[in-house]
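*Asks:*
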Amino acid sequence: MQAPLLLRIAAVISFLYFAGHTAGMPWTPATGPAELTVLEEMKGHSFEAQGSVRSYWDYYFGFGIIISGFLLAQAVVLWQLASLAKTDAARLRPVIATILVACVVNTVLAWLYFFAVPAVMAAAISVCLLLAFIAAGRARAS
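Position 109, counted from 1, in the sequence shown is what our numbering calls 277; the numbers after and before it change by one each time, with no gaps.
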């Protein structure tokens, strides 16, 4: 497969990752009294940080939204890189490698701290990026 197609596939998977993550908002599988107690405690205790008063819930919810934003940006950037890769894939190798490293880290952290779906999505993106990186190197050789 050629780098542009692999980057497009990675972009689509990234978009699906974004959509799934965002659809899970507010990211709390709380159904029982114990889980609801934890959520209420997160919301109920505020503290000052750098001049702002925030709760653990604010951080939790805010970081969830930030992650959605970055996943959407990643999908858009990968789609744009695929267009650029049609004319000069070899020059994109450092950018592909950078995003690949971030996605591998995402895969490991998702596996360690979350659950299978985000880990599998991140792993699939990583595989596409690795193959795109290899394909872009072959484009240079030909």
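Even for Gly, the Cβ is constructed at its ideal location relative to N, Cα and C. Values in this document were obtained by computation on a predicted structure and should not be read as measured data.
Please report the distance separating the alpha-carbon of T128 from that of R259.
*Replies:* This structure cannot speak to residue 128, because the chain is shown only from 169 to 310.
*Asks:* Flag this pair as touching only if the segment 228–238 and the segment 180–190 have three or more C-beta atom pairs under 8 angstroms; answer yes or no.
*Replies:* As far as the Cβ criterion goes, the segment 228–238 touches the segment 180–190, which means the pair count is three or higher.
*Asks:* I'd like to know whether the C-beta atoms of A171 and A265 end up nearer to each other than 8 angstroms.
*Replies:* Cβ atoms of A171 and A265: not closer than 8 angstroms.
*Asks:* Helix, strand or coil for F215, going by three-state DSSP, please let me know.
*Replies:* If DSSP states are grouped into helix, strand and coil, F215 belongs with the strands.
*Asks:* Take the Cβ of I234 as the centre, count every other Cβ of all protein chains shown within 10 Å, and call the residue buried at 16 or more, exposed below.
*Replies:* Exposed: under 16 other Cβ atoms inside 10 Å.
*Asks:* Buried or exposed for R222, going by 16 or more other Cβ atoms inside 10 Å?
*Replies:* Under this definition R222 is an exposed residue.
*Asks:* Please report the distance separating the alpha-carbon of V273 from that of E208.
*Replies:* Those two C-alpha atoms are separated by around 31 angstroms.
*Asks:* Could you pull out every unbroken alpha helix (DSSP H) segment of at least 4 residues lying fully inside the segment 222–272, listed in chain order?
*Replies:* Runs of the alpha helix (DSSP H) inside the segment 222–272: 224–256.
*Asks:* Does A202 pass the burial test, meaning 16 or more other C-beta atoms within 10 Å, or should it be called exposed?
*Replies:* Label assigned to A202: exposed.
*Asks:* Out of T190, K254, Q248 and I177, which one is the CA nearest neighbour of F231?
*Replies:* The shortest Cα separation from F231 among T190, K254, Q248 and I177 belongs to T190.
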